Amino acid sequence: MFAILKIAIYFSIIILALSFVLVYSNTHPTSYPLNIPPSNYGIKFETVEFTTPDKIVLKGWFIKSVSSRQYEAGSKKPVIIICHGLGANKSDFTELSSYLSKSGYHVLLFDFRGHGDSKGRVSSIGFLEQMDLKSAIDYVKSQNDADIGRIGVYGFSLGAAVAILTAAESKDIKAVISDSSFTSLKVQGERLLKSSLLPKFPFLYAATWIYEIMFKTDIEKVAPLNFIEKISPTPIFIIGGEGDSQMPASDAEELFKNAREPKSLWIVKGASHGGTISAGREYEKRIIEFFDKYLKNKT
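So for the sequence shown, this note's numbering puts the first residue at 9; every next one is plus one.
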């Protein structure tokens with residue numbers, strides 16, 4: 009009997025250890041250098057910082073509109089906040105910010121906690137990052153030349169999930185673009201285990217337990233699929249890649265199904281994860297058209 013108990017304890021330790029490694033490695037992503045500043049596109053920018061309620065200093069770039077397009081609010085311009093993916097940083101979206109700026113929008117790119125130039129060492133993969141986005145919104149609202157009634161959010165991957173979760177409860181966000189969001193963190197955990205050749209039982213339950221203790225939350229709160237219907241009447245444009253193996257097109261379709269109007273969906277043919285933006289001019293055109301439709305004449 010004692011031998012059986014000893015074996016059970018031994019295997020429990022192994023399960024917990026492997027689960028901890030999985031959670032730790034994914035909540036401590038490698039931070040890559042910032043290699044593409046807006047100046048590469050001939051755009052002037054201001055380096056800014058703001059602090060979250062839990063005292064994490066976040067760094068960003070604020071780019072003012074270089075377009076002469078006029079909006080009803082006079083000199084004030086609508087603002088697009090860009091949210092990057094896990095392990096990425098704000099410099100991944102300098103090209104996107106350049107054509108948004110040229111189309112009449114101020115743009116705020118910022119690094120989530122534990123990424124790029126921002127402080128912090130841990131990513132909660134969607135829970136605490138909602139606080140980061142809300143702090144970014146507060147920063148935008150403090151800018152005199154920003155039309156705070158016309159704030160849009162563009163998010164990719166992790167950033168898309170954060171955009172959905174935040175827009176579900178924030179009245180400040182007036183338009184959302186979600187490119188390659190996951191449906192829930194638990195589903196992503198299942199996919200990670202499958203790719204690691206580890207069984208769902210008992211590892212998913214152990215990893216979930218560790219995550220919930222680490223971040224003092226219920227993992228079901230990091231499930232855009234559960235909250236996306238609450239975004240309405242704020243419009244949402246959902247984008248997915250037909251060839252995305254990390255967040256498959258079925259995720260985008262499922263999110264679209266659960267969302268309420270006004271909503272739109274675009275599955276980019278052949279696009280892998282991060283490859284949707286490679287649609288080039290068509291991607292640019294659809295992004296601008298969506299924001300123009302809902303922010304250009306918004307009162």
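Every residue gets a Cβ at the ideal spot worked out from N, C-alpha and C, and that includes glycine.
The structure presented is a predicted model; accordingly, all values stated were derived computationally and were not measured.
Span separating the alpha-carbon of residue i from that of residue j
i	j	result
residue 188	residue 255	6 Å
residue 201	residue 123	24 Å
residue 243	residue 299	10 Å
residue 178	residue 149	13 Å
residue 157	residue 180	7 Å
residue 7	residue 138	Coverage of the chain is limited to positions 9 through 307, which leaves residue 7 absent and any answer about it impossible.
residue 293	residue 266	26 Å
residue 95	residue 132	12 Å
residue 140	residue 173	12 Å
residue 17	residue 26	14 Å
residue 69	residue 83	21 Å
residue 81	residue 71	Confidence in residue 81 is poor, its pLDDT being 49 and thus under 50, which makes the residue's placement unreliable; the coordinate value appears in the next sentence. When rounded, the distance between both Cα atoms is 19 Å.
residue 61	residue 85	27 Å
residue 286	residue 12	56 Å
residue 274	residue 245	8 Å
residue 117	residue 253	26 Å
residue 144	residue 49	23 Å
residue 114	residue 74	8 Å
residue 106	residue 92	16 Å
residue 204	residue 195	14 Å
residue 307	residue 153	Reliability fails at residue 307, whose pLDDT of 46 lies under 50, so the model's placement of it is uncertain and no value is given.
Where residue i falls: helix, strand or coil (DSSP)
i	result
residue 189	coil
residue 86	strand
residue 171	helix
residue 75	coil
residue 183	strand
residue 130	coil
residue 230	coil
residue 42	coil
residue 67	strand
residue 197	helix
Extent of the continuous alpha helix (DSSP H) to which residue i belongs
i	result
residue 297	289 to 299
residue 31	10 to 35
residue 148	137 to 149
residue 263	257 to 266
residue 102	102 to 109
Delimiting residues of the beta strand (DSSP E) encompassing residue i
i	result
residue 214	Looking at the DSSP string, residue 214 is not in any beta strand (DSSP E); the run it does join, the alpha helix (DSSP H), is 208 to 223.
residue 56	54 to 59
residue 164	154 to 164
residue 272	271 to 276
residue 117	114 to 118
residue 249	244 to 249
Counting Cβ pairs, one atom from each stretch, are 3 or more of them under 8 Å apart for the region 273 to 292 and the region 211 to 223?
-> no
Inspect the CB distances between the region 92 to 108 and the region 30 to 41 and report whether three or more fall short of 8 Å.
-> yes
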